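The structure under discussion appears below in the form of structure tokens.
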Amino acid sequence: MSSERGRIATIALVFAVILGFTGAALSAELKLGATLSLTGGTDDYGRAAHMGLQLAVKEYNAKGGYKGQPVQIVVYDDETKPQKGVENATRLITRDKVFGIVGPVNSGVALAIIDIAQKNEMPLMDTIATAEQIIDRYAKAPKNYIFRVSLNDGIQTSFMVDHIKQKAYKRIGLMHDSTGWGQSGRDTAQRLFKDNSLTFVAGPEVFDQNDTDMTAQLTKMKDANVDFIISYSLAPAGVQIARSMQKIGLQVPWTSTWALIAPNFLKLGGKETVEGIMAVTSYTPDHSENAKKLHAKVDQEFKDQGGDFHPVATAQTYDGARLMLRALDKVGPDPQKIRDALEEIDDFHEAVTKMKPKPFSKDNHESLGPESGFLAIWRNGQLVRAN
Amino acid sequence: MDPIFVKIWQAVISGLSIGSIYALIAQGYYVTFITTATLNFGQGEFLMIGALVGLTCYVSLGLPFPMALAIAVVVTGLMGILLERVAIRPVIRHVLSHSWVLSTVAISIILKNAAVNVWGPEQMKFPSPFGDQVLKIGSAGIFPQELFIIVCAISTVLLVQLFLKKSLLGKALMAVANNRNAAAVVGIDVKRMVILAFMLSSALAGLGGILISPVTFAWAYMGTVPGIKAFAAAIFGGLENPIGILIGGLVIGLLEQLFGVINSNLKEGVTFLFILVMLAFRPTGLMGRRTIDKV
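Order-wise, the sequence lines are chains A and B.
Just so you know, we're using this note's numbering here: the first sequence kicks off at 92 and counts up by one.
Just so you know, we're using this note's numbering here: the second sequence kicks off at 1302 and counts up by one.
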């Protein structure tokens, strides 16, 4: 018995030594971490973001990396679950010793992990998630470690308000799904409506994100004679809303956020069903030379993973990752210095999204603003500008 | 027409369509419960497998819809046989054993994980063979597929009843349900009847899957909620009464949609509250037999 225990102790010791050595060896490497939704509800965005990240780092390394040393990417799947995201972020910081984190994709996950990044003084580049809180929560802290290359919910909703004013719609209905994202969308819409002296004539009507029949909610919209509907719905619910509208013969223009630019929306609904539905986008792949180049590359490089299937998510992450690497170039792999450097970058002319050469400052951690996006509409299976 | 009537009529049509699926799956609970006093808590996952196998046959392989439907039903039926062999027979050797609860839940989790690996985690479009042109029944709109669901599900439930009451095989199965030992004495192969019950139960779920996926999309997580609601339908109607179960399924579908007309926030909560209240007054379900246990 005792000899067996001794043996186990010896084995454990050997393992500990090996682990210790490899741990030490690994931490000397340059690592950029990421936690992304590679599976789960928002995996469309996650897989496209992953492509942008890989491409940015690959190009950086091809140019010699940081003083001749290549940067490695450590990517963990958070399965679109906040708890898993927390585990990933902790692991990236304490075990992998990354110099920065890209991600996550889902706002619920993001709101769970920004506390960890902030507490550990680890710069976090959110390139997808849109909740306003993600940047606002630490905006008043002496140093905010959270940055974003994505259109937040407030800006997205402001495009809808602009559109409503421009078209002089008078009878607006509000709908949202029952998730945290849907509820925060509802609050944002109600706040912006108040600021613009607009009112809703119907709603807020709520639905479950997997509901298949929305006729009950939409009949109320119809009874209120709405001429426009704002609905915070992800792609599957978006298709069900469109189909339920067909059932009750309700034909009014309606919009969600950029959730409905997801390629899955077109796939699930088909060209006829999504026709005329609106969504917010930061981007069309042909808006600049930089963008065109990126998307040709993505299409070729990731042919086996569906090519350039979600251009916006890929492009935003590509820019976000390159900003991290630019900061690395300036100050080296020290997370705190990288945070400071991100605020100082003023020569980022190669952006593919619509951002200024100085995307961040001490008081502004949102690189994309009202001038960076617009309301788009599905026409014949393509997204085009709505106005 | 009165607007409130229009709303209610639309809710009735929508509710009947979803409710008939609950009724169809719930018949599966009935068949295995009467023969073995066990339930397959993975009914929802068999529904999902039926949908995804159907999707592969119909969309990926381009087979005609009736053939895809037949393959989905056969595959889930065969899986039912397997289920009985690995998750039921080994654990019900003792009358008081309730391990089948765990073993069927375990199978359902395994199936869900396997499906994610084979078909991925995303929702997929299952195009309806009847097209997407909205039909009108009075003022209410309905997709042809939803009408097909109602007709197909209710007639299947009635056919199963006809099979159990009129055919020799069905009568043998009912004999096992009534009295296992007596059935064995007159020469009925009880083991085979139990296998038949599980095959039938799973095939019904598989059929439900291929029927609803043009309405709900097909994906690995599609089965859980219908599985639970069908269970509620079975309990609501009375586990041992097939007509009660049929009514139970339709009532749950209807209640959901009708409560949705009043307040969409409450629709599921109020539906289940209603069931709880009803069960407090009729613990054996709407049409369940009251039995008196002498102690």
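Note that the Cβ used here is the ideal one computed from N, Cα and C, for glycine as well.
It should be emphasised that the depicted structure is a prediction, and the values quoted were computed from it without experimental measurement.
Comparing the C-beta of residue 224 (chain A) with each C-beta of chain D, is any distance below 8 Å? Going by chain labels, chain D is absent from the structure shown, which instead holds the protein chains A and B.
Distance check for residue 201 (chain A) and residue 177 (chain A), CA to CA, integer angstroms please. Taking C-alpha positions only, residue 177 (chain A) is separated from residue 201 (chain A) by approximately 9 Å.
Reduced DSSP category for residue 378 (chain A) - H, G, I as helix; E, B as strand; rest coil: It is coil, neither helix nor strand.
Could you name the residues that DSSP lists as bridge partners for residue 475 (chain A)? A:468.
Proximal residues, the stretch 316 to 345 of chain A versus chain B, C-beta separation under 9 Å: Those residues of the stretch 316 to 345 of chain A that come within reach of chain B (Cβ to Cβ, closer than 9 Å) are 326, 327, 330, 331, 334, 335, 337, 338, 339, 340.
Ranges of the alpha helix (DSSP H) found wholly within the stretch 150 to 221 of chain A, counting only runs of at least 4: Entirely contained in the stretch 150 to 221 of chain A, the alpha helix (DSSP H) runs reaching 4 residues are, in chain order, 173 to 185, 198 to 210.
Distance cutoff 8 Å, beta carbons only. Does residue 1311 (chain B) sit that close to anything in chain A? By the rule that beta-carbons nearer than 8 Å mark a contact, residue 1311 (chain B) touches chain A.
If we count the other Cβ atoms within 10 Å of its Cβ and call it buried at 16 or more, is residue 112 (chain A) buried or exposed? Here residue 112 (chain A) scores only 47 on pLDDT, less than 50, and its place in the model should not be relied on; the value that follows carries that caveat. Exposed, because fewer than 16 other Cβ atoms sit within 10 Å of the Cβ of residue 112 (chain A).
Within 7 Å of chain A by C-beta, residues of the stretch 1559 to 1570 of chain B in sequence order: Among the residues of the stretch 1559 to 1570 of chain B, those with a Cβ less than 7 Å away from any Cβ of chain A are 1561, 1562, 1565, 1566, in the order of the chain.
Chain-order list of residues whose beta-carbon lies under 7 Å from that of residue 175 (chain A) (same chain, five-residue window excluded): So the list reads 169, once near-sequence residues are dropped.
Taking a cut of 9 Å between CB atoms, which residues from the stretch 380 to 410 of chain A lie near chain B? Of all residues in the stretch 380 to 410 of chain A, none is placed with a Cβ closer than 9 Å to any Cβ belonging to chain B.
Listed in chain order, which residues of the stretch 1330 to 1363 of chain B have Cβ atoms closer than 7 Å to some Cβ of chain A? Within the stretch 1330 to 1363 of chain B, no residue qualifies.
Report the three-state DSSP secondary structure of residue 1342 (chain B) (helix, strand or coil). Correct three-state label for residue 1342 (chain B): coil.
Residues bridged to residue 238 (chain A) by DSSP? Residue pairing of residue 238 (chain A) in beta bridges, as defined by DSSP: A:216.
Can you list the residues of chain A that residue 1517 (chain B) reaches, using a CB-CB cut of under 7 Å? Those within 7 Å of residue 1517 (chain B) in chain A are 303.
C-alpha distance - residue 1446 (chain B) paired with residue 297 (chain A), whole-angstrom precision: Cα-Cα distance, rounded: 25 Å.
Which bits of chain B does residue 298 (chain A) rub up against, with CB to CB less than 8 Å? 1565, listed in chain order.
Just the C-alpha distance for residue 1390 (chain B) and residue 1334 (chain B), rounded to the nearest angstrom, thanks. Going by C-alpha positions, residue 1390 (chain B) is about 14 Å away from residue 1334 (chain B).
One question on the structure: do residue 439 (chain A) and residue 424 (chain A) come within less than 8 Å of each other, judged by their Cβ atoms? Result no, Cβ atoms of residue 439 (chain A) and residue 424 (chain A) do not sit closer than 8 Å.
How many Å lie between residue 186 (chain A) and residue 163 (chain A) at the Cα? Distance between the alpha carbons of residue 186 (chain A) and residue 163 (chain A) is about 14 Å.
Can you tell me the Cβ-Cβ gap for residue 227 (chain A) and residue 348 (chain A), rounded? I've got them flagged as a contact below 8 Å. Taking 8 Å as the upper bound for CB-CB distance, residue 227 (chain A) and residue 348 (chain A) are not in contact here, some 18 Å apart.
Hey, quick one: how far does the alpha helix (DSSP H) through residue 1522 (chain B) stretch, first residue to last? First-last for residue 1522 (chain B): undefined, no H or E at that position.
Beta bridge counterpart(s) of residue 268 (chain A) as assigned by DSSP: Paired residues: A:298.
Neighbourhood of residue 456 (chain A) by C-beta distance below 7 Å, restricted to the same chain and skipping five residues each side: Listed in chain order, the non-local C-beta contacts of residue 456 (chain A) below 7 Å within the same chain comprise 226, 235, 237, 238, 239, local neighbours out to five positions each way being set aside.
Could you pull out every unbroken beta strand (DSSP E) segment of at least 3 residues lying fully inside the stretch 242 to 292 of chain A, listed in chain order? For the stretch 242 to 292 of chain A, whole beta strand (DSSP E) runs of length 3 or above, ordered along the chain, are 263 to 268.
Kindly say whether residue 355 (chain A), judged by its beta-carbon, lies nearer than 8 Å to any beta-carbon of chain B. For residue 355 (chain A), the nearest beta carbon of chain B is closer than 8 Å to its own beta carbon.
Just to confirm, are residue 343 (chain A) and residue 319 (chain A) a CB contact at a threshold of 8 Å? In this structure, residue 319 (chain A) lies closer than 8 Å to residue 343 (chain A) by Cβ.
Pair within 8 Å by beta-carbon distance, residue 75 (chain A) and residue 279 (chain A): Chain A is shown only over 92 to 478; residue 75 (chain A) falls outside these bounds and no answer can be derived.
In this structure, what does DSSP give as the bridge partners for residue 1309 (chain B)? DSSP, once it has assigned bridges, lists no residue as partnering residue 1309 (chain B).
Other residues of its chain near residue 1308 (chain B): CB distance less than 8 Å, five sequence neighbours each side excluded: Excluding sequence neighbours, residue 1308 (chain B) sits near 1562.
Can you give the Cα-Cα distance for residue 1509 (chain B) and residue 1374 (chain B), rounded to whole angstroms? In this structure, the straight-line span from the alpha carbon of residue 1509 (chain B) to that of residue 1374 (chain B) is close to 9 Å.
Through-space distance from residue 1501 (chain B) to residue 251 (chain A), alpha-carbon basis: Pairing residue 251 (chain A) with residue 1501 (chain B), the inter-Cα distance amounts to about 52 Å.
So, using beta-carbon positions, are residue 1359 (chain B) and residue 1543 (chain B) closer together than 8 Å? Going by beta carbons, residue 1359 (chain B) and residue 1543 (chain B) fall outside the 8 Å limit.
Hey, residue 1401 (chain B) and residue 1521 (chain B): beta-carbon distance below 8 Å or not? Taking 8 Å as the Cβ cut-off, residue 1401 (chain B) and residue 1521 (chain B) do not qualify as a contacting pair.
For residue 1430 (chain B), decide whether its Cβ has a neighbour in chain A, counting only Cβ atoms nearer than 8 Å. So, not an interface residue.
Are the C-beta atoms of residue 116 (chain A) and some chain B residue less than 8 Å apart? Its pLDDT being 43, under 50, residue 116 (chain A) is placed unreliably in this model, and the value from its coordinates should be taken loosely. Chain B contact via Cβ: absent.
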